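Let me begin by presenting the structure, written as structure tokens, before commenting on it.
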Amino acid sequence: MGVGKKAIRSTIFVAIGTYSSVAVSFATSIILARLLAPEYFGIVALGGFFIELFGRVREFGFDQALVHRQKDPEKAYSTHFILNSFAFFLSFLLSLIASPILLKFYDSQVVVVFLILSFLLFLKGTSQTPRIYLEKELAFGRVVLIDFVALLLSCAISVSMAFKGYTLSAVVAHTGLLYLFTFIGFWLTKPPKLSLKLDKETAFWFMKFGGFLWIGGFATFVLFKFNDFLAGTFLGAAVLGYYSKAFNLAQLPNSFVTSIASRVALPTYAKLQGEKEKLADGFNLILRNIVRISVPIALILFLVSGRFVLLLFGEKWLPMVPILRVLSVYAFSRAIFDDAGAFLTAIGRPNVVSKYLSLQAILTIIISPLLAWKFGVFGLTLGLDLVLVLGVLLAYYFLNKEIKVDFLGSFFPSFLVAIITTLGFYFFESLNIRGSLFLLTALDIFFVLMVYTLVSFILNGKSVLQDLVFLKNKFKAVE
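According to my numbering, the sequence shown holds residues 83 to 561 in order.
Written as structure tokens, this is what we have:
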């Protein structure tokens with residue numbers, strides 16, 4: 083089977099797995115949020131920040147390097163396993179060393195959560211080699227199955243614990259058991275043949291490739307996690323709980339679209355990195371459809387968030403509504419931002435990604451504390467939006483030097499439709515329709531999706547149909 087057919091088939095598997103996982107995670111999030119107080123989520127989020135902080139030593143991009151590496155696969159897999167396992171162990175060791183210091187400044191619950199999740203993440207990290215092996219072979223069916231079963235088990239257990247009266251431990255179990263079951267699942271599948279002998283030449287290549295990715299990874303950590311530190315340390319666990327929940331909801335466009343497309347596209351781009359025309363066609367197709375799907379999701383987060391949050395999470399979570407509205411800009415920007423980074427990494431340009439990520443990180447460190455001091459948590463969200471939009475502009479500036487990006491065809495139609503949809507929504511709201519909270523929320527969401535879809539076909543139907551026909555033909559080819 084050719085690369086294109088494998089990629090399309092893999093996209094189907096990943097889409098099914100991702101949408102199923104998002105549905106299960108979302109349902110679990112709603113149940114836990116209704117049963118537990120916001121501060122418990124804030125404690126876990128702050129513990130997660132320190133996991134990422136002391137986990138910088140493991141973020142050398144070994145996974146991306148293994149995907150990119152086509153030479154000497156047996157040596158590559160063995161080298162990846164040794165380097166990756168050592169990096170995750172070193173991260174856990176640093177966590178143990180740092181814990182007494184953290185106890186002097188933070189509640190003991192934060193430190194305990196930090197240590198438990200650090201250890202379970204170390205176990206999960208050792209299973210990355212068999213995962214990447216399956217992904218390089220485009221065997222996403224098995225990958226999706228393992229991920230989904232692990233998620234289903236962790237969600238079921240955490241919800242059961244919450245119903246039985248457990249609080250913080252139920253939230254910890256949601257993440258920690260996912261790490262544990264993922265570790266077990268990938269080692270139970272057939273892993274590649276591994277040698278514990280380190281090949282120095284291959285290891286040097288991994289470190290050289292990953293050096294740029296380490297810089298980019300550290301910058302990404304600052305960009306997306308520094309606000310957790312500021313909110314949890316200076317604004318309180320409850321505020322961080324609201325922020326982290328809103329941030330997770332703002333990840334929906336990325337979860338629904340970009341994570342699927344980029345996950346399959348990364349090995350596909352790597353295989354086609356010498357064919358510029360095919361790369362450009364493939365990237366523009368993916369970009370157009372990421373924009374088409376991400377825009378209405380971001381609109382719903384902005385326009386319907388008040389009723390949406392009240393219906394699903396309850397009145398105690400209403401303080402997160404203004405945060406979520408500001409983060410709707412982040413929701414759309416992150417989807418196209420990650421797609422550009424995945425492309426540049428796949429074609430062997432991680433140094434470019436590191437450049438614009440480093441600039442974003444520096445700006446975040448400068449402006450986020452100032453905005454938080456002046457405007458509180460809303461300043462944090464505003465700063466994140468501004469820095470991410472700047473990153474999008476820089477990423478696509480560099481990307482356009484590699485291939486010809488169809489900016490007009492990818493962005494303008496969806497932006498125009500978004501403006502029309504927003505105006506229509508406010509007119510619809512002015513009608514003051516009465517009904518239950520569930521009915522009004524459902525009507526709002528239905529109206530946004532219906533108007534966006536209809537206007538899209540009216541203004542840009544030819545392009546939409548062409549993409550649908552193309553994908554339909556690819557699906558038939560797979561069959």
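All C-beta atoms in this analysis are idealised placements derived from N, C-alpha and C, irrespective of residue type, glycine included. Small disclaimer: the values here were computed from a predicted structure and weren't measured.
Can you give the Cα-Cα distance for residue i and residue j, rounded to whole angstroms?
{"i": "F236", "j": "L541", "result": "Reading off the sequence, residue 236 comes out as Ser, not Phe. So the alpha carbons of these two residues sit roughly 44 Å apart."}
{"i": "V560", "j": "A424", "result": "Its pLDDT being 43, under 50, V560 is placed unreliably by the model, and the measurement read from it follows with that caveat. The straight-line gap from Cα to Cα measures roughly 25 Å."}
{"i": "E134", "j": "E141", "result": "9 Å"}
{"i": "Y564", "j": "K544", "result": "Outside the displayed range of the chain (83 to 561) lies residue 564, so it cannot be described from this structure."}
{"i": "F316", "j": "M243", "result": "30 Å"}
{"i": "F187", "j": "A180", "result": "12 Å"}
{"i": "L615", "j": "F108", "result": "Here the chain comprises residues numbered 83 to 561, so residue 615 is not present and cannot be evaluated."}
{"i": "A564", "j": "S167", "result": "Since the displayed the chain opens at 83 and closes at 561, residue 564 lies outside it and no answer follows."}
{"i": "F268", "j": "L233", "result": "13 Å"}
{"i": "L521", "j": "F303", "result": "40 Å"}
{"i": "L475", "j": "Q442", "result": "11 Å"}
{"i": "I637", "j": "M532", "result": "Coverage of the chain is limited to positions 83 through 561, which leaves residue 637 absent and any answer about it impossible."}
{"i": "L393", "j": "I112", "result": "10 Å"}
{"i": "F557", "j": "L367", "result": "With a pLDDT of only 47 at F557, under the threshold of 50, the placement of this residue in the model should not be trusted, and no figure is reported."}
{"i": "R213", "j": "F170", "result": "16 Å"}
{"i": "P120", "j": "W399", "result": "8 Å"}
{"i": "F222", "j": "F174", "result": "29 Å"}
{"i": "G23", "j": "I372", "result": "One cannot answer for residue 23 here, as it falls past the ends of the chain, which runs 83 to 561."}
{"i": "A477", "j": "N514", "result": "43 Å"}
{"i": "K290", "j": "G143", "result": "10 Å"}
{"i": "G458", "j": "L452", "result": "9 Å"}
{"i": "A380", "j": "F204", "result": "34 Å"}
{"i": "T523", "j": "K153", "result": "54 Å"}
{"i": "I501", "j": "R516", "result": "25 Å"}
{"i": "R407", "j": "V471", "result": "16 Å"}
{"i": "V194", "j": "I405", "result": "28 Å"}
In chain order, what residues of the same chain have a beta carbon less than 6 Å from the beta carbon of residue i, not counting five sequence neighbours either side?
{"i": "M409", "result": "Per the sequence shown, residue 409 should be read as Leu rather than Met. Excluding residues within five positions, the ones whose Cβ falls inside 6 Å are A328, A332 and T463."}
{"i": "V192", "result": "I125, L128 and G129"}
{"i": "S376", "result": "P335, V339, F414 and A417"}
{"i": "T504", "result": "none"}
{"i": "S160", "result": "L276 and S277"}
{"i": "F245", "result": "none"}
{"i": "P401", "result": "Y324"}
{"i": "H162", "result": "F144, L148 and T211"}
Looking only at its own chain, which residues have a Cβ that is under 7 Å from the Cβ of residue i, when we skip the five neighbours before and after it?
{"i": "I198", "result": "V254 and G258"}
{"i": "Q548", "result": "none"}
{"i": "V469", "result": "L305, Q442, L445 and T446"}
{"i": "S450", "result": "F308, N309, L312, L462 and G465"}
Of the choices the options, whose alpha-carbon is the least far from that of residue i?
{"i": "F196", "options": "D229, F263 and G137", "result": "G137"}
{"i": "I467", "options": "A422, K246, A417 and F510", "result": "Checking the sequence, you will find Asp at residue 467 rather than Ile. For the residues A422, K246, A417 and F510, the minimum Cα distance to D467 belongs to A417."}
{"i": "F201", "options": "F187, F132, S160 and G143", "result": "F132"}
{"i": "E156", "options": "L175, A115, A109 and T211", "result": "T211"}
{"i": "A454", "options": "E511, F306, A313 and S173", "result": "A313"}
{"i": "F123", "options": "L322, Y188, K282 and G223", "result": "L322"}
{"i": "F288", "options": "N514, D421, F507 and D145", "result": "D145"}
{"i": "S496", "options": "N482, Y215, L250 and L369", "result": "L369"}
{"i": "G298", "options": "P451, F365 and R431", "result": "R431"}
{"i": "G364", "options": "L114, S492 and A232", "result": "S492"}
{"i": "D488", "options": "P401, T427 and E359", "result": "E359"}
{"i": "F395", "options": "L114, A105, I98 and S251", "result": "L114"}
{"i": "G568", "options": "L250, M532, G247 and I527", "result": "This structure cannot settle anything about residue 568, because the visible part of the chain is limited to 83 through 561."}
{"i": "A147", "options": "W296, T208, L452 and F204", "result": "W296"}
{"i": "K218", "options": "A428, L185, S240 and G517", "result": "A428"}
{"i": "V403", "options": "D189, R116, A105 and F384", "result": "F384"}
{"i": "R374", "options": "N482, S102 and V546", "result": "V546"}
{"i": "S103", "options": "A238, G292, L481 and L519", "result": "A238"}
{"i": "H256", "options": "L426, V106 and D421", "result": "V106"}
{"i": "K279", "options": "L203, Y479 and A158", "result": "A158"}
{"i": "L172", "options": "F300, L426 and T208", "result": "T208"}
{"i": "T271", "options": "Y215, T249, L406 and L185", "result": "Y215"}
{"i": "T249", "options": "V391, R116, D281 and R407", "result": "R116"}
{"i": "V386", "options": "S190, K206, L525 and D189", "result": "L525"}
{"i": "L481", "options": "P182, V391 and L426", "result": "L426"}
{"i": "Y412", "options": "S440, Y479, N330 and L490", "result": "N330"}
Cutting at 8 Å between CB atoms, please list the residues of its own chain near residue i, excluding the five before and the five after it.
{"i": "V499", "result": "V377, Y534, V537, S538, L541 and N542"}
{"i": "F529", "result": "G506, F507 and F510"}
{"i": "V241", "result": "T110, I113, L114 and A252"}
Using a beta-carbon distance below 9 Å, is residue i in contact with chain D?
{"i": "P120", "result": "This model lacks chain D altogether, as it is built from one protein chain only."}
So, under 8 Å CB-CB, residue i and residue j are touching, yes? Tell me the CB distance rounded to an integer number of Å.
{"i": "V139", "j": "L176", "result": "7 Å"}
Review point. How about the segment 228-245 and the segment 263-271: do they share at least three Cβ pairs that are nearer than 8 Å?
Key: Taking a cut-off of 8 Å for Cβ pairs, the segment 228-245 and the segment 263-271 touch, as three or more such pairs fall below it.
Check your understanding: Contact between the segment 310-326 and the segment 422-440: three or more CB pairs below 8 Å?
Key -> With the cut-off at 8 Å, the segment 310-326 and the segment 422-440 do not touch.
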